[in-house]
Structure formats: structure tokens, C-alpha cells
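Visitor:
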């Protein structure tokens with residue numbers, strides 16, 4: 010019998026038992042403990058450079074454990090939260106210490122209170138005011154992602170409440186092991202410099218017809234002698250992320266081109282003015298780079314030439330646009346507030362107060378008179394000197410003023426630093442369209458009164474020339490000239506001499522730079538925490554070690570058991586014999 014047992018023990022001295030025992034355990038325990046997964050479309054925070062200074066998000070790779078606003082602690086955590094729940098102080102701490110940030114956008118911004126909208130604007134401004142070294146992604150409102158955020162926040166709340174009740178380290182460790190978590194991974198994103206970084210600049214002109222030209226001397230040169238008014242605006246193509254902000258300024262510019270083109274086609278109503286419409290696709294965020302390029306191409310400013318003795322040889326002079334009898338340049342900037350778009354005030358921003366009798370002063374008076382006819386909107390003048398030491402200009406008209414062109418900006422904002430100026434969020438569409446239509450009406454009437462020399466308030470754009478809501482709504486939906494030809498077609502429909510030029514960054518010292526990699530896919534996995542993997546590894550190692558030592562020392566254990574069994578048998582037999590002898 011013992012010989013058979015010895016042969017049985019020899020089986021465990023080979024490697025096969027180890028494989029038979031260890032392999033099933035490894036296969037069972039090595040599976041990734043993922044309970045569920047979800048996928049979302051996200052937008053990376055905008056990334057751009059202006060004058061060598063970086064702004065926006067500078068990273069894209071993301072594969073971290075998801076934590077709430079209140080439980081993250083290290084760079085190994087990615088914070089997932091709703092935008093309206095993040096304070097400016099929390100964001101600053103996250104951008105410095107966390108590993109990433111995923112933000113769920115509000116479901117309905119227009120339904121928020123005034124204070125909540127103000128908070129969004131301030132937070133936007135803080136996010137875009139400097140470079141952020143961590144990946145930051147935005148997701149449109151999604152119920153599934155909202156559930157994930159709620160689950161992460163609820164789990165952290167339960168854990169925090171439990172900590173107060175747990176009195177031992179063992180209980181704390183068990184709670185950490187038994188908890189569930191989320192892993193966030195972003196794929197398909199990069200942040201390389203765009204090879205198509207360029208800013209479209211489009212211009213068109215409304216000039217007097219041949220009938221008017223005949224009334225001016227020198228025939229063929231008559232058109233160039235007519236006074237010129239430049240109307241400038243910009244089309245924003247991105248904001249906090251890759252989405253079109255409210256482009257009410259571009260809509261007003263195209264509306265003015267529409268209605269004034271009808272005036273030019275009306276008998277006996279053609280004004281003795283030329284109107285030049287200029288639209289660039291670079292606003293506040295890109296420091297009005299498009300206007301700078303256009304001015305560099307159309308206005309050459311020469312410095313005073315002085316001899317070695319100090320004698321003036323040639324005074325400052327300008328060419329091209331400056332020689333074309335420019336009355337003033339009218340710039341449009343945030344003509345309608347994207348949030349809280351209520352009827353209120355308009356502001357005329359200037360770099361130098363206009364003198365009495367100048368064209369700018371006359372237009373300002375007409376603007377005040379006509380604005381008062383519509384919902385008693387007030388118009389105030391705001392004077393701000395140009396700071397030549399600052400690389401960033403406050404208003405678009407400052408670009409023109411630097412070239413000694415009389416220019417001003419009409420805006421619904423009193424200060425260029427108001428955070429709502431570059432917001433990506435929008436109020437209700439009906440309110441925005443009505444406010445934009447009203448402001449377009451005021452500007453159009455004021456401009457027409459100035460062109461025709463009418464001092465008393467009267468309605469010129471009525472009946473067939475009426476500015477209506479459909480017109481404004483259509484122009485607000487126009488996209489970049491890089492995406493389609495709708496913008497160019499709109500210019501060519503109403504204007505003449507339409508030209509498109511592009512401003513591309515210099516290869517050595519670029520004034521601006523745009524980046525690719527805005528679209529991405531966010532994968533959220535419901536997983537066990539990392540401490541669970543550590544605990545599982547320890548358990549598996551301990552189990553395999555016990556199996557190994559049991560098999561390795563099984564013969565010795567078997568011999569010991571056999572000896573103990575044999576000794577016990579001998580003792581039992583001896584006791585039995587003694588008992589029998591006593592009975593005999």
C-alpha cells in the first residue's frame with residue numbers, strides 16, 4: 010500500500026501539476042475587470058498662438074482614472090465635471106496639478122439665471138487667457154455622461170461619509186478595494202500645427218453708377234474722387250472650442266451691404282458715396298490679424314525723413330486707401346451680446362475724441378438721434394487711447410487709427426475687457442435676432458442719413474427696403490470662406506470688385522498659428538480601482554506560493570504523516586495487547 014502511495018507522490022514532483030493549477034487561475038484572474046463602457050464625441054479646447062504667445066490647450070493624450078471635482082488629488086486623475094459646477098479657483102488648481110479635464114456643457118444656457126451666465130463668461134475668459142498644459146475636452150450635453158459624472162460624485166460622497174464611520178485601517182483598505190471607478194481614454198486627437206493656417210479677408214465695394222459719375226468732373230477719375238466709407242467687421246470661427254460663436258457683426262455688415270445695394274439700384278436715390286465692405290476671419294482672439302494684413306497691403310505709412318543736420322526732407326505720407334478721401338471707418342464689434350441680449354445702450358469707441366465738424370462727429374450725432382427713435386436706445390461715446398506698447402489691441406478700429414485713418418467701433422459693450430465678448434455660448438435665438446435686427450436698423454438709418462445729408466429723423470429703410478428677421482437669421486448662419494463659397498457668393502450678389510486674400514503665418518516668425526486635432530472620441534470604462542488590481546495580484550501570488558510549497562514539500566509531509574500514522578498504529582496495537590493479557 011505504501012509503495013503505491015510513493016508512486017502517487019512522484020507525480021507531484023514534475024512540472025505538469027504546476028501548469029494545471031496555475032494556468033486556470035491566471036486565465037480567470039487576468040481578465041480586465043471592465044464592467045461597462047461608453048463612447049462620446051468631444052471637442053478639445055482651442056489651441057492657437059498670437060505674437061509668439063501660446064493660448065488654449067497644449068496637450069491631447071488622455072488615459073487616466075476619472076475623479077470628481079472633490080476627490081481628485083494627483084496628476085494620475087482626470088477630473089470630470091459639469092461646466093457650471095467649476096469655479097475659477099478650482100480650474101486654476103486643476104490645470105496646475107491634475108492630469109486632465111473633461112467638461113460636460115450645459116443643456117440649455119438660455120434657461121440659466123443672469124448670475125450663472127456671468128459665471129460661464131468669467132470662466133471662459135480664465136480658460137483662454139493663458140496656455141493649459143493638460144488635455145481639456147468639452148462634450149455636448151449627454152445624459153449618459155451626466156450619469157457618469159453623477160455616479161463619480163455620488164461614489165466619492167459615499168466614500169467621504171464612510172471615512173467618518175470607519176475606525177480601523179483594515180476597514181478603510183476594504184472600502185478602497187471594493188469600490189468601483191471609471192477610466193477615461195481619448196483617442197484620435199493630436200495637436201500639431203495646422204498646415205492650412207490662414208485667415209480669409211474678403212472685400213467688396215458699392216460705387217456710384219455712371220449717371221452719378223457724369224455729374225463729377227474729370228469723367229473716368231470721378232469715382233475715385235467720391236468720399237469713401239469703410240465698414241469693417243470680423244467673422245469668428247472658433248471660441249473656447251471649435252464651434253462658431255455668435256457672428257452678429259458679420260450679419261449686420263452683410264445686411265448693410267444688402268439694403269444699401271438696393272438703394273444704389275433705386276432711381277434718383279444713388280448716394281454720392283462709395284462704400285467699402287471689409288470682412289476678416291480674425292477677431293479678438295487672433296488680435297485682428299486679418300485687418301493688420303489688409304492695412305499692410307493697402308496703406309503704406311512712411312516715417313519722416315530727416316537729414317543729418319535735422320532738416321526735414323520728407324514728411325510722413327500715406328498711399329492707396331488714405332489717398333482715396335476716406336470719411337471714416339465704421340467697425341462692428343459685439344453689436345449684440347450673445348448672452349443677456351436685451352435692448353440697452355450702444356457705444357461708439359474712439360481712440361481720439363472727434364472734433365466738431367468732422368465726419369465722425371456728424372455721424373455720432375446722427376447715431377444718437379436715430380437710436381432714440383427705436384426703444385429709446387442710448388448711444389454714448391467712449392474714448393480710449395491706443396497703448397502702442399501693448400501687442401494686443403483693444404478694438405478693431407485701433408488698427409486703422411495706427412495708420413492715421415479716422416475710425417471708430419460701434420459695440421454693445423462699454424469695455425473691451427468684458428468676458429462676454431468672446432463667449433461661445435448663445436442666448437435664445439429669437440432674442441438675439443431681434444436685438445441684432447434693431448441695431449442693424451439703427452446703424453443703417455444713421456449711415457443713410459449721413460450719406461444723404463438728412464438731419465431730421467426719418468425712416469429710410471421701409472417697405473421693400475425693410476430689414477427683417479429672416480435676413481438677419483440667414484446671414485448669421487454663414488460659415489468661413491475656407492469651408493464653402495456662401496460668404497463669397499453673398500458679397501458678389503450685392504457688391505462689385507469683390508476680392509479675397511489670405512493671411513498666412515510667416516515660417517520663421519509667425520504672428521499667429523492655428524492647430525489641428527479638435528475632434529476626438531472619449532471612451533469611458535467602468536472599472537475596478539488600481540488598488541483592486543494590486544490586491545488581486547497579492548492574493549494570486551500568495552495562492553500560487555502556497556501551492557508551490559505544498560507540492561515541493563509533499564513527500565516530506567507525506568513521510569511525516571506516514572510515520573505519525575505508523576507510530577499511532579503501534580501504540581494502539583500495544584495497548585490492545587496489554588488489555589488482552591490482563592483479561593487472560
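Numbering (this note's numbering), first residue to last: 10 to 593. We treat Cβ as the ideally placed atom computed from N, Cα and C, and that holds for glycine.
Fully enclosed by the segment 383 to 444, which alpha helix (DSSP H) runs are 4 residues long or longer?
Guide: With a minimum length of 4 residues, the continuous alpha helix (DSSP H) runs that stay inside the segment 383 to 444 are 406 to 411.
Visitor: Residue 510 by DSSP, collapsed to three states: which one?
Guide: Here the question's residue 510 lines up with position 501 in the chain shown. It is a strand residue.
Visitor: Let me see if you follow: with CB-CB separation under 8 Å, is residue 380 close to chain C or not?
Guide: Absent from the structure: chain C. Only one protein chain is present.
Visitor: Considering residue 76, what are the terminal residues of the alpha helix (DSSP H) in which it resides?
Guide: As a working mapping, residue 76 is identified with position 67 in the chain shown. Per DSSP, residue 76 belongs to no alpha helix (DSSP H); it is in the beta strand (DSSP E), 71 to 76.
Visitor: Select from 404, 415, 436 the residue whose C-alpha is nearest the C-alpha of residue 423.
Guide: For this step, residue 423 is matched to residue 414 along the chain shown. The option with the nearest alpha carbon to residue 423 is 404.
Visitor: Please say whether residue 294 and residue 240 have beta carbons closer to each other than 8 Å?
Guide: Position 231 of the chain shown holds residue 240. Position 285 of the chain shown holds residue 294. Their beta carbons are not under 8 Å apart, which means residue 240 does not touch residue 294 by this criterion.
Visitor: Given residue 577, which residues of its chain have a CB within under 6 Å of its CB, disregarding the five upstream and five downstream residues?
Guide: Numbered from its first residue, the chain shown carries residue 577 at position 568. Contacts found: none.
Visitor: For residue 490, collect the residues of the same chain with a Cβ closer than 8 Å to its Cβ; drop the 5 residues on either side in sequence, then sort them by chain order.
Guide: One-based indexing of the chain shown puts residue 490 at position 481. Taken in chain order, the residues that qualify are 209, 211, 290, 496, 497, 509.
Visitor: Residue 530 bridges to which residues according to DSSP?
Guide: Position 521 of the chain shown holds residue 530. DSSP lists 50, 196 as partners of residue 530.
Visitor: Are residue 594 and residue 397 touching if we call contact CB-CB under 8 Å?
Guide: Nothing in the structure corresponds to residue 594, since the chain is present only between 10 and 593.
Visitor: Any contact between the segment 432 to 451 and the segment 467 to 484? By contact I mean 3 or more CB pairs, one from each, below 8 Å.
Guide: At 8 Å Cβ cutoff, the stretches touch.
Visitor: Since residue 272 contacts residue 256 with CB under 8 Å, what's their CB separation in whole angstroms?
Guide: As a working mapping, residue 272 is identified with position 263 in the chain shown. As a working mapping, residue 256 is identified with position 247 in the chain shown. Rounded, the Cβ-Cβ distance is 24 Å, inconsistent with contact.
Visitor: Using 8 Å as the cut-off, can you tell me whether the segment 374 to 390 makes contact with the segment 352 to 360, which would need three or more C-beta pairs spanning the two stretches below that distance?
Guide: Result yes; three or more Cβ-Cβ pairs closer than 8 Å.
Visitor: Confirm, please, whether the CB-CB distance from residue 202 to residue 524 is below 8 Å.
Guide: Locating residue 524 in the chain shown gives position 515, counting from the first residue. Locating residue 202 in the chain shown gives position 193, counting from the first residue. Yes.
Visitor: Which same chain residues, not among the five before or five after residue 66, have their C-beta less than 6 Å away from its C-beta?
Guide: As a position in the chain shown, residue 66 is number 57, starting the count at 1. So the list reads 53, 54, 56, 141, 145, once near-sequence residues are dropped.
Visitor: Please report the distance separating the alpha-carbon of residue 574 from that of residue 559.
Guide: Along the chain shown, one-based indexing puts residue 574 at 565. Along the chain shown, one-based indexing puts residue 559 at 550. Each residue's Cα considered, the two are about 20 Å apart.
Visitor: Could you name the residues that DSSP lists as bridge partners for residue 209?
Guide: What you label residue 209 is simply residue 200 of the chain shown in a count that begins at 1. Beta-bridge pairing links residue 209 to 511.
Visitor: For residue 513, collect the residues of the same chain with a Cβ closer than 6 Å to its Cβ; drop the 5 residues on either side in sequence, then sort them by chain order.
Guide: Here residue 513 corresponds to residue number 504 of the chain shown, with the count starting at 1. Closer than 6 Å at Cβ, skipping near neighbours: 207.
Visitor: On the DSSP bridge list, what partners appear for residue 214?
Guide: Counting from 1 along the chain shown, the entry for residue 214 is found at position 205. DSSP, once it has assigned bridges, lists 285, 505 as partnering residue 214.
Visitor: Residue 247 bridges to which residues according to DSSP?
Guide: By 1-based counting over the chain shown, the position of residue 247 is 238. According to DSSP, which records beta bridges pairwise, residue 247 is partnered with nothing at all.
Visitor: With 16 as the cutoff for other CB atoms within 10 Å, does residue 266 come out buried or exposed?
Guide: Within the chain shown, residue 266 is the residue found at index 257, counting from 1. Under this definition residue 266 is a buried residue.
Visitor: Since residue 347 and residue 254 should fall inside the 8 Å C-beta cutoff, what is the C-beta to C-beta distance between them, to a whole number of angstroms?
Guide: For the purposes of this step, residue 347 is taken as residue 338 along the chain shown, with counting starting at 1. For the purposes of this step, residue 254 is taken as residue 245 along the chain shown, with counting starting at 1. About 7 Å separates the two Cβ atoms, so the contact holds.
Visitor: At 4 residues or longer, and completely inside the segment 70 to 124: list those alpha helix (DSSP H) runs for me, N to C.
Guide: The segment 70 to 124 contains these whole alpha helix (DSSP H) runs: 97 to 106.
Visitor: Determine the contact status of residue 338 and residue 416, defining contact as a CB-CB distance below 8 Å.
Guide: The residue given as residue 338 occupies position 329 in the chain shown. The residue given as residue 416 occupies position 407 in the chain shown. Cβ atoms of residue 338 and residue 416: closer than 8 Å.
Visitor: So, is residue 379 buried or exposed, given that buried needs 16 or more other C-beta atoms within 10 angstroms?
Guide: Here residue 379 refers to the residue found at position 370 when the chain shown is read from its first residue. Per the 10 Å Cβ criterion, buried.
Visitor: Where does residue 305 fall in DSSP's three states?
Guide: Taking the first residue of the chain shown as position 1, residue 305 is located at position 296. Helix.
Visitor: Do you know offhand how far residue 58's Cα is from residue 522's?
Guide: Here residue 58 corresponds to residue number 49 of the chain shown, with the count starting at 1. Here residue 522 corresponds to residue number 513 of the chain shown, with the count starting at 1. Approximately 5 Å, taken between the alpha carbons.
Visitor: Nearest CA to the CA of residue 501: which residue from 127, 428, 274, 215?
Guide: Position 492 of the chain shown, counted from the first residue, corresponds to residue 501. Here the closest residue by C-alpha is 215.
Visitor: Quick check on residue 159: buried or exposed, where buried means 16 or more other Cβ atoms within 10 Å of its Cβ?
Guide: Taking the chain shown and counting its residues from 1, the one referred to as residue 159 is at position 150. By the neighbour-count rule (16 or more Cβ atoms within 10 Å), residue 159 is not buried but exposed.
Visitor: By DSSP, does residue 63 sit in helix, in strand, or in coil?
Guide: Within the chain shown, residue 63 is the residue found at index 54, counting from 1. If DSSP states are grouped into helix, strand and coil, residue 63 belongs with the strands.
Visitor: Give the straight-line distance between the Cα atoms of residue 504 and residue 129, rounded to the nearest whole angstrom.
Guide: Residue numbering aside, residue 504 sits at position 495 when the chain shown is read from its first letter. Residue numbering aside, residue 129 sits at position 120 when the chain shown is read from its first letter. Going from the Cα of residue 504 to the Cα of residue 129 covers about 39 Å.
Visitor: Who are the near neighbours of residue 100 in its chain, counting only those whose CB is closer than 7 Å to its CB and skipping five residues on each side?
Guide: Indexing the chain shown from 1 puts residue 100 at position 91. Hits under 7 Å: 132, 135, 136.
Visitor: So what does DSSP say about residue 190, is it helix, strand or coil?
Guide: The count along the chain shown starts at 1 and reaches residue 190 at position 181. It is a strand residue.
Visitor: What residue does the beta strand (DSSP E) around residue 268 start on, and which one ends it?
Guide: Taking the chain shown and counting its residues from 1, one reaches residue 268 at position 259. Where residue 268 is concerned, there is no enclosing beta strand (DSSP E), although the alpha helix (DSSP H) it sits in stretches over 257 to 273.
Visitor: How should residue 86 be labelled, buried or exposed, when 16 other C-beta atoms within 10 angstroms of its C-beta is the threshold for buried?
Guide: Working through the chain shown from its first residue, we reach residue 86 at position 77. Its Cβ being crowded by 16 or more others within 10 Å, residue 86 is buried.
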